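Here's the structure we're looking at; comments come further down.
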């Protein structure tokens, strides 16, 4: 080996930053913006002394990543905030540019790393493809964010440009290095005493340097703040104001690192206030709030970093988990927040806002505050509707949950940002997705229990094989029976069903509760769904016989299954061979009736049925009814009805008081504000609820001895959400039909 005196650089075992024993990596990280991507082929290739040097001593964020083959694109991520370290295992089945771009995005966690390090010469073709893709990417050297250097670990010092005295790390820091590796599930490293030095070659430089720097980090600005404001803010006065704010922030961070315990936390809280002043100064100067600019993104990242440091020092853990899933109501964003207080003083967790790019202002989805005592946790789950067309371009700035924790009387704001929508090919569906529990008997028994069950249908890609975890989350008033918490999925199958028994106690009350299913693989959320459970009077007499023409969403079946009524779904064969006069009511669901044979079959049968005294309840459906199905004219209208346009025309009609007295103002207000009523021109008809310009959303037409009821109110959608008045009105409609 070449004499060490003749090599260009030797890095000795020394701390380059102001170091105080016990300072965590994420606190040291507040003094640098440098990010490093370290690519390896096997876990044994990782140079842990170098990782320790970069994270613990210099505060860099390091992304460890390896790429291999798999049946589909998958990203298995382990994060350690304690060590400022992320570990990614990425599986791909294609090495086309689009897949390799996805790998690069995953490796860089959305930010372009300053340094890319290869653990050696790769043999795996997928790793070689990623390496070539990275080295051949077009890089704009005028940008603030760019890969400045590429290094490769080598065994021979002849070409080496940077040396790390790794033996001393193995001797003195092995315990900490082991904790670091175990924190990201990469096993316990084997000590390597044979190599005194770790040797790296600079294989490409994009920062205009000479090619040989004094160290990995030499010549790279530790902070990008000044560069960013130089490029984005024209006014020298504004730039200077921001620099002063930033100087005060860095000063507080330096003081915090020199202190310990509660003094350090207090100084970090003061630094947080300085960071917020930077944000206020910037937004004030530009005259608006715009979190998408480079300056704003840098400021928000700074605030997030100091939040992590405060929570780590205070021993408060917070975790956010978001997923997007398909439900019968459309796509929903599911969010779970876990806050654990492992410190010595109580903290308060409270206000939670949701901010999306299509909203003018954040929406508060939880305004309650809860005290979390030491060694206690708070878990909250939420579901947010996502408008159509807003899932194709999700980034950290398009969807965010903003939470608040109060520590020592000071507010700490933290954010969970939506990552790119990952199409895993999995889905989970709870069937039914709502349960109506009838009121418990008024007995002096505290532990009455109502048995119930849900079915879960988990679908997956045909080629996927492996074990997944299933978690059922319920409120305290609902207990879950035995179910399979781990499912072994086989290649070739596309769906698995499982039964979930529930025991519902009388403490459920009259509130709506959520039962949530989460399907995960190594902590990666594959799919989620939720079902609503609530108590409500719902009593359809068992002697009523009901026939239904349902559509594919299954809402009518789910609703009637939970009643005592006898019902039958009318098949095409039954309509050809059977008669309807056995039934007290025929209910037509709110979806399209696509079979071309139905109009002619229904026309004669429904007319005859009505004339002989039957009742038809029809919900709104797309398109024109016309006289080909019903002996009345129903022309639906697609305009959205303001709540003020819904007016009760016949308030004393039996439908509104047949079995239950309906609170019509509340029902109509929610119907128009939260759902979509479908008005129609119905002729002839008695108007029960008008919707403006001659249209109705509820009407009755007498035909012979029978009656036809048109309902354009979104009752079934409201019932799915366990709206009490909607359930009662549906019950009244059915009971009225049997009279």
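Numbering (my numbering), first residue to last: -18 to 720. All residues carry an ideal CB built from backbone N, CA and C; glycine is no exception. What you are looking at is a predicted structure, and each value in this text was computed from that prediction instead of being measured.
In the structure shown, residue 208 falls within a helical segment according to DSSP collapsed to helix, strand and coil. Counting other Cβ atoms within 10 Å of its Cβ, residue 637 reaches 16 or more and is therefore classed as buried. One thing to note: residue 676 has its Cβ no nearer than 9 Å to the Cβ of residue 665. For residue 54, the CB contacts under 6 Å within the same chain, skipping 5 residues up- and downstream, are 73 in chain order. In this structure the segment 513 to 531 does not touch the segment 463 to 478; the number of beta carbon pairs closer than 8 Å is below three. Contact check for residue 147 against residue 179 passes: the beta carbons are separated by less than 9 Å. DSSP, reduced to helix, strand and coil, places residue 546 outside both helices and strands of the structure shown, so it counts as coil.
In terms of Cα proximity to residue 483, the closest of 645, 463, 342 is 463. Going by C-alpha positions, residue 107 is about 22 Å away from residue 447. Around the CB of residue 273, fewer than 16 other CB atoms lie within 10 Å, so the residue is classed as exposed. Remark: C-beta atoms of residue 491 and residue 516 approach each other more closely than 9 Å. Residue range 242 to 267 is occupied by the alpha helix (DSSP H) that includes residue 249. For the pair residue 150 and residue 98, the CB atoms are not nearer than the 9 Å cut-off. Excluding sequence positions up to five before and after residue 127, its CB lies within less than 7 Å of the CB of 93, 120, 121, 187, all in the same chain and listed in chain order. Uninterrupted beta strand (DSSP E) stretches at least 3 residues long and entirely within the segment 663 to 719 occur at 667 to 673, 676 to 684, 687 to 692, given in chain order. In chain order, 405, 407, 449, 500, 501 place their CB closer than 7 Å to the CB of residue 507, counting only its own chain and leaving out the 5 sequence neighbours on each side. When the Cα atoms are used, residue 530 and residue 583 turn out to be separated by approximately 10 Å. The residue from 459, 497, 509, 472 with its alpha-carbon nearest to that of residue 486 is 459.
Cβ contact annotation for residue 635 (same chain, cutoff 7 Å, sequence separation greater than five): 717, in chain order. Unbroken beta strand (DSSP E) stretches of 3 residues or longer found wholly inside the segment 69 to 102: 96 to 99, given in chain order. Annotated three-state conformation of residue 106 is helix, per DSSP. Beta-bridge partners assigned by DSSP to residue 380: 337.
Within the same chain, 521, 525, 527 come within 6 Å of residue 546 by CB-CB distance, once the 5 residues on both sides are set aside.
Residue 366 counts as exposed, since fewer than 16 other beta carbons sit within 10 angstroms of its beta carbon. The DSSP-derived three-state label of residue 163 is helix. Comparing alpha-carbon positions, the option among 15, 13, 20, 51 lying closest to residue 444 turns out to be 51. Collapsing the DSSP output to three states places residue 492 in coil.
One thing to note: residue 496 has its Cβ within 9 Å of the Cβ of residue 453. Annotation for residue 223: the continuous alpha helix (DSSP H) segment containing it runs 217 to 239.
A direct Cα-Cα distance of roughly 10 Å separates residue 288 from residue 295. The Cβ neighbour count for residue 161, taken over all protein chains shown within 10 Å, is at least 16; the residue is labelled buried. Taking C-beta separations shorter than 6 Å and ignoring five residues to either side along the sequence, the partners of residue 351 in its chain run 330, 359, following chain order.
By the neighbour-count criterion, in which 16 or more other beta carbons inside 10 Å mark a residue as buried, residue 544 falls on the buried side. Taking C-beta atoms as the reference points, residue 45 and residue 10 fail to come closer than 9 Å. The beta carbons of residue 12 and residue 231 sit closer together than 9 Å. Under DSSP, residue 410 takes part in a beta bridge, and its partners are 438.
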